[in-house]
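Participant:
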Amino acid sequence: MPKSTTPVSVLHMHGLGLQQTGTLSVHYVALLLLSGCNSAEHLSFLNPQGPIATAQSEHFWLVVAILFILIALPVFIGTAWIAWHYRYGATKSKYVPRWEIFKPLEYFSWGIPIAIVLFLSVLVWEDTERFDPYHTLASSKPATHVQVIGYDWKWLFVYPEHGIASVGMLAFPAEQPLTMELTSATVMQSFFIPALGSQIYAMGGMVTQLNLQADRPGHFLGENTMYSGDGFHQQKFVAVAMTLTDFDAWVQQVRATGIPFDAAALNAIATQGTKAQLSTALAPAAPTFDGNVYFTGVKANFFTDLVISVMDEKPLPSTALAPAITKGQ
Amino acid sequence: MSWSTIFNHPLGLLGADSFPFLAMLSSDDSDIFINGLLGSFAAALVIISVMVVVALLTRYRAWRTLWFDWLTSTDHKKIGIMYVVLALVMLTRAIAEAVLMRAQGAVGLGGGFLSSDHFAQLFSTHGTIMIFFMAMPFLTGLINYVVPLQIGARDVAFPILNSISLWLTAAGAALVMISLVVGAFSTGGWFGYPPYTETLYNPGIGVDYWIWSLTLASLGSTLTGINIAVTIYKKRAPGMKLYYMPLFTWTALCTAIMMIFAMPPLTVVTLQLALDRYLDFHFFTNGLGGNQMNFLNMFWLFGHPEVYILILPAFGVYSEIFSTFSGKVLFGYKSLVWATISIAFLSFLVWLHHFFTMGQSGHINAVFGIASMLIGIPTGVKIYDWMWTMLRGRIRFSVPMIYSLAFIFLFVIGGITGIMLANPILDYQVHNTVFLVAHFHNMVVPGVLFGMLAGYTFWFPKAFGFRLDERWGRISAYCWIFGWMGAFFPLYILGLMGLPRRSVAYEQASYVPLEIVAFVGALLVAAALMALVIQLWVSIKYREKNRVFVGDPWNGRSLEWATSAPPPEYNFPVVPSINDRDAFTAAKEFGVGYQEPDAYVNIEIPQNSAMGPVFGGTSFLLAFGLVWQIWWLVILTGLITIGTLVMRGFQRDTLKIIPAEAVCRTHQHWIQAARLALPIKRSQEHTAANKGRAAIETVEVPT
Chain A
1 MPKSTTPVSV
11 LHMHGLGLQQ
21 TGTLSVHYVA
31 LLLLSGCNSA
41 EHLSFLNPQG
51 PIATAQSEHF
61 WLVVAILFIL
71 IALPVFIGTA
81 WIAWHYRYGA
91 TKSKYVPRWE
101 IFKPLEYFSW
111 GIPIAIVLFL
121 SVLVWEDTER
131 FDPYHTLASS
141 KPATHVQVIG
151 YDWKWLFVYP
161 EHGIASVGML
171 AFPAEQPLTM
181 ELTSATVMQS
191 FFIPALGSQI
201 YAMGGMVTQL
211 NLQADRPGHF
221 LGENTMYSGD
231 GFHQQKFVAV
241 AMTLTDFDAW
251 VQQVRATGIP
261 FDAAALNAIA
271 TQGTKAQLST
281 ALAPAAPTFD
291 GNVYFTGVKA
301 NFFTDLVISV
311 MDEKPLPSTA
321 LAPAITKGQ
Chain B
1 MSWSTIFNHP
11 LGLLGADSFP
21 FLAMLSSDDS
31 DIFINGLLGS
41 FAAALVIISV
51 MVVVALLTRY
61 RAWRTLWFDW
71 LTSTDHKKIG
81 IMYVVLALVM
91 LTRAIAEAVL
101 MRAQGAVGLG
111 GGFLSSDHFA
121 QLFSTHGTIM
131 IFFMAMPFLT
141 GLINYVVPLQ
151 IGARDVAFPI
161 LNSISLWLTA
171 AGAALVMISL
181 VVGAFSTGGW
191 FGYPPYTETL
201 YNPGIGVDYW
211 IWSLTLASLG
221 STLTGINIAV
231 TIYKKRAPGM
241 KLYYMPLFTW
251 TALCTAIMMI
261 FAMPPLTVVT
271 LQLALDRYLD
281 FHFFTNGLGG
291 NQMNFLNMFW
301 LFGHPEVYIL
311 ILPAFGVYSE
321 IFSTFSGKVL
331 FGYKSLVWAT
341 ISIAFLSFLV
351 WLHHFFTMGQ
361 SGHINAVFGI
371 ASMLIGIPTG
381 VKIYDWMWTM
391 LRGRIRFSVP
401 MIYSLAFIFL
411 FVIGGITGIM
421 LANPILDYQV
431 HNTVFLVAHF
441 HNMVVPGVLF
451 GMLAGYTFWF
461 PKAFGFRLDE
471 RWGRISAYCW
481 IFGWMGAFFP
491 LYILGLMGLP
501 RRSVAYEQAS
511 YVPLEIVAFV
521 GALLVAAALM
531 ALVIQLWVSI
541 KYREKNRVFV
551 GDPWNGRSLE
561 WATSAPPPEY
571 NFPVVPSIND
581 RDAFTAAKEF
591 GVGYQEPDAY
601 VNIEIPQNSA
611 MGPVFGGTSF
621 LLAFGLVWQI
631 WWLVILTGLI
641 TIGTLVMRGF
651 QRDTLKIIPA
661 EAVCRTHQHW
671 IQAARLALPI
681 KRSQEHTAAN
691 KGRAAIETVE
701 VPT
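Residue numbers (UniProt numbering), protein chains in the order written: chain A, 1 to 329; chain B, 1 to 703.
#1: Tell me whether K541(B) sits in a helix, a strand or coil according to DSSP, three-state version.
#2: Rounded to whole angstroms, what is the Cα-Cα separation between Y384(B) and S109(A)?
#3: Measure from the C-beta of Q292(B) to each C-beta in chain A and report whether the shortest distance is under 7 angstroms.
#4: Can you tell me the Cα-Cα spacing of S318(A) and A300(A), whole angstroms?
#5: Taking only beta-carbon positions, decide if R87(A) is within less than 7 angstroms of chain B.
#6: Would P265(B) and M293(B) be called neighbours here (beta carbons separated by less than 7 angstroms)?
#7: Less than 7 angstroms between CB atoms is the rule here; does V381(B) satisfy it with respect to chain A?
#8: Within the continuous alpha helix (DSSP H) that includes F108(A), where are the two ends?
#9: Could you check which residue in P461(B), V147(B) and N144(B) has the C-alpha nearest to that of I540(B)?
#10: In terms of alpha-carbon separation, which member of G127(B), G112(B) and T618(B) lies closest to V437(B)?
#11: Just the C-alpha distance for S140(A) and Q176(A), rounded to the nearest angstrom, thanks.
#12: Consult DSSP for L32(A) and reduce its assignment to one of helix, strand or coil.
#13: What are the start and end residues of the alpha helix (DSSP H) that includes N35(B)?
#14: Please report the straight-line C-alpha distance between K103(A) and Y333(B), rounded to a whole angstrom.
#15: Taking Cβ positions only, does Y28(A) come closer than 7 angstroms to chain B?
#16: For the 8 angstroms Cβ check, are there 3 or more pairs between the segment 133-151 of chain B and the segment 588-608 of chain B?
#17: What residue range is occupied by the uninterrupted alpha helix (DSSP H) comprising A477(B)?
#18: DSSP on H282(B), reduced to helix/strand/coil?
#19: I want to see whether chain B comes within less than 7 angstroms of V187(A), judged by CB atoms only; does it?
#20: Return no unless some Cβ of chain B is closer than 7 angstroms to the Cβ of D312(A).
#21: I'd like to know if Q150(B) contacts chain A, where contact means its C-beta is closer than 7 angstroms to some C-beta of that chain.
#22: Straight-line CA distance for A660(B) to P553(B)?
#23: Relative to the alpha-carbon of E97(B), which residue among M177(B), W63(B) and V592(B) has its alpha-carbon at the smallest distance?
#24: Compare the C-beta of I200(A) with all C-beta atoms of chain B and state if any pair is closer than 7 angstroms.
#25: If I'm right that G376(B) touches V124(A) with Cβ under 8 angstroms, what's the distance once you round it to whole angstroms?
#26: What residues of chain A sit near M400(B), judged by a beta carbon separation below 9 angstroms?
#27: W351(B) and L391(B) - do their beta-carbons sit closer together than 7 angstroms?
#28: So which of L621(B), M611(B), G204(B) and T666(B) has the shortest CA-CA distance to L161(B)?
#29: What did DSSP end up calling F407(B) once you bin it into helix, strand or coil?
#30: Taking the alpha carbon of Q235(A) as the reference point, which residue from M443(B), V504(B) and G362(B) has its own alpha carbon closest?
#31: Could you please give me the residues that DSSP links to V158(A) through a beta bridge?
#32: Kindly give me the distance between the Cβ atoms of R471(B) and I402(B), rounded to whole angstroms, as I take these residues to be in contact under 8 angstroms.
#33: Would you list the one or two residues that DSSP bridges to F172(A)?
#34: Pull up the distance between the alpha-carbon of V107(B) and that of R547(B), whole angstroms please.
#35: Go ahead and pull the three-state DSSP assignment for Y134(A).
#36: Would you mind reading off the limits of the alpha helix (DSSP H) that contains Y193(B)?
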């Protein structure tokens, strides 16, 4: 997977920012293909790409340092020294077989763990609230709103404000908040982009929320971490943070090439299968430009209607979908 | 269900396609063929093992012995041994599965040789077996064997109930085993979250196998909990205050109380899921008022205390071992007792940390995160007090001590990653990844299993009258330790690199080297198991050299060492009087370790009973009938079970009497042996000179 090409493409894209969308999308497609758009270059929060993951990474190293230096190291050294010094053969070492209590040592044994846990508790109390995934991230820029629906075994990303949807790629502008609502059309799943931050469950008939942000453009691994059946391990996607202009271009591109989000399309999505299988199933109708599957004409009420239909175990109302023949705008 | 379904389908859902072997032969798909071949090989192993056991029993005419001396026995010691045998058999299967999964991981870049479905069955049975049919029977076995001896009792409070608990657990284990031969097991993991495990998504019988095997195991454990708690409260020898109880007994008490409170939520939640599946209820469905989140709450209301049910007895074992093999009284006894009680209490307040990522508010998560970290306090105290127990001692690095020292090092690491997972901010990142897998294996392998194996090595001479081979024991211990490290340290890193647990394959080439290391580690673990088998073989072969009939091979401190090895059926000819902690050490130091009582009396002990085996058989068939919906079998076995229970109520003659003369003869034979045996120093512990009589070496050496 070519890793080095993306920064180049990002620079390139900035230069193209003001050009016409048509030209841009051609360039864009070419560049995406070049950079292997389905490859995620960032896997881990230890190489954080957003404010939440950065905070988590710092928190991680702080906790690791405290626990290893204050707990593990002294116990390791102490145990090794005691075991050696008081071994059976060391007849010169002190031997006090009835030594069963020594108050200062007892205070130490309780005091050290209590102090460390107290300190960590304060940290946890404050930071858990601060980084609650439901909290929207403070920003001067508007948030991008995406509705995420878990299917067997792919994620459907709905952009209600743009009337489009995608399987396999979550595109969003970098440097501004990404606000997501999540649900599942099937079993319980867990939505996760490690390089950006927290994971959250997606559950049928219920809506959860997740707020993330990317510091800069990039490609991040996205996945489901909750076992959901045969295709579970292939339920990956790539989260792509772009510049605002690139994102707008991407939206145009999807609108231009996506297939209508009608009953047939939804039926294909809801059928158990991976993204690749979906792509094949829709192949004649869906000329995809990068291996992902895109839809247009997605109704703004689709997400809510879907949650309710799962909750009531009733079919989706016809008003939730695009009519079968018309192509979405 | 109507009468016609009952009579028109005498075999329920069973058909030719229920046998994976036949399904494999009729398939053209090479993938199905390879996985079918592996499955059929495992099924064949089960069938062949059963046939070999049957053949051997027939060849050596051992059926009578097996039935009268073992299967129908109500002796807590024999029941304890049978529990441990069950645990070791199940351990073998679950380790084989683990190696297979890690092998798949090593070649899992974009594929591998296992199908998704097969892999899912492997991790589901591996987890289910390790928790319910390995760890639980192992600790229940040790508790069963040791606790009545440690408190100076002749048996547990309810001997027949004890036998029934064993047989319910065994029936559950048999159900998991038969799923290899008939049908398939669940793919929903050991905690089987709905709605994945609902009929809509899993219409087959796999989940039902999981439900009914767990139901049987959880019923058995609830009854065990009641039995152990009552035994410890009511059957202690005169003078044994709670604060005089050995620490292993304390941990057994806390575990028993936790079993009583924690097991019912599991029984209820699996039955609720069964109602969803069989009668179209909507407890945990997506729609129509079902709430899957309730399942998570109920399951972990059991599940979290469960991990402390597992670890506390191991803590008890370590406490005994650190004290015994340091030749020193346990340091901070009261701290250790209260740490144990605190852990047992706190364990009921932290279940939510298994699903921080379900969408509840930050402060709710923080409360449960802090509650979870609080458990780190008493656990830390324990680690320190074990260190102080070794301080100023005389430490012998025998096999149990090797396990215990490795436990301290590795458990501290597991504790640290536990504190990290208890922290919601970090849990949002490592939840559901293999980091979590590494963490809980850190707790249950170096924590629980090492404790169980240490206890097995420690008490084996008591149970069978001869020591286990030291050399093979060490080989096994080191293979366990380094194998575990090899298998799970890479998983910590892979988890931080975003690899979700339960992935049959992956796309990231960067995972491969670590996956290969983990596979090598798993092979070393398999070697450890092999060494354990060889150790048993060698030890039995040379048992005459390693006899310790006098019964105190390690210079033990508590009452179980004050009997012959193996102890007589009634444990103590005269129930001892206690006025000290470490009662046997005190007696030895006063020179009254091997005394004859003033008088012998007749001893009453419970008779054998076929209740246990009958319950085991009927509950197995009942569960099998439920899985395959063979309703006549369900009704029939249900009636037999109830009938047996009623008939037991009419049985008046339930005790047998061992006459005073027989007790006297047995006891004098042992006292004679003890007086003839040369007391040996600890330096000769592993030589043939060790006949189970310890020299007093507790002379203080000031610096």
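Where is the CB? At the ideal position from N, CA and C, for every residue including glycine.
Facilitator: According to the structure shown:
#1: Helix.
#2: 6 angstroms
#3: So yes, Q292(B) belongs to the interface.
#4: Whole-angstrom Cα-Cα distance: 13 angstroms.
#5: At a cut-off of 7 angstroms between C-beta atoms, R87(A) counts as an interface residue with respect to chain B.
#6: no
#7: yes
#8: K103 to R130
#9: That would be P461(B), whose Cα lies nearest to the Cα of I540(B).
#10: G127(B)
#11: A straight-line Cα-Cα distance of about 8 angstroms links S140(A) and Q176(A).
#12: Below a pLDDT of 50, predicted positions are generally treated as unreliable, and L32(A), at 41, falls in that range; no measurement from the model is reported.
#13: S30 to R59
#14: If you take the alpha carbons of K103(A) and Y333(B), they lie about 12 angstroms apart.
#15: Confidence is the limiting factor: at Y28(A) the pLDDT is only 42, short of 50, which leaves the residue's position unreliable, though a coordinate-based value still follows. Y28(A) does not count as touching chain B.
#16: no
#17: E470 to L496
#18: coil
#19: Answer yes: the Cβ-Cβ gap between V187(A) and chain B drops below 7 angstroms somewhere.
#20: yes
#21: Nearest CB-CB separation between Q150(B) and chain A: not below the 7 angstroms threshold.
#22: 28 angstroms
#23: M177(B)
#24: yes
#25: Their Cβ separation, rounded to whole angstroms, is 12 angstroms, which puts G376(B) and V124(A) out of contact at 8 angstroms.
#26: A small fix is needed here, since residue 400(B) is Pro in this sequence, not Met. In chain order: nothing, as chain A lies at least about 14 angstroms away.
#27: no
#28: Answer by Cα proximity: M611(B).
#29: helix
#30: Taking only the C-alpha atoms, the option nearest Q235(A) is V504(B).
#31: Beta-bridge pairing links V158(A) to Q147(A) and A165(A).
#32: Not a contact, Cβ separation roughly 12 angstroms.
#33: A241(A)
#34: 48 angstroms
#35: Looking at Y134(A) - three-state DSSP - the assignment turns out to be coil, as it is neither helix nor strand.
#36: First-last for Y193(B): undefined, no H or E at that position.
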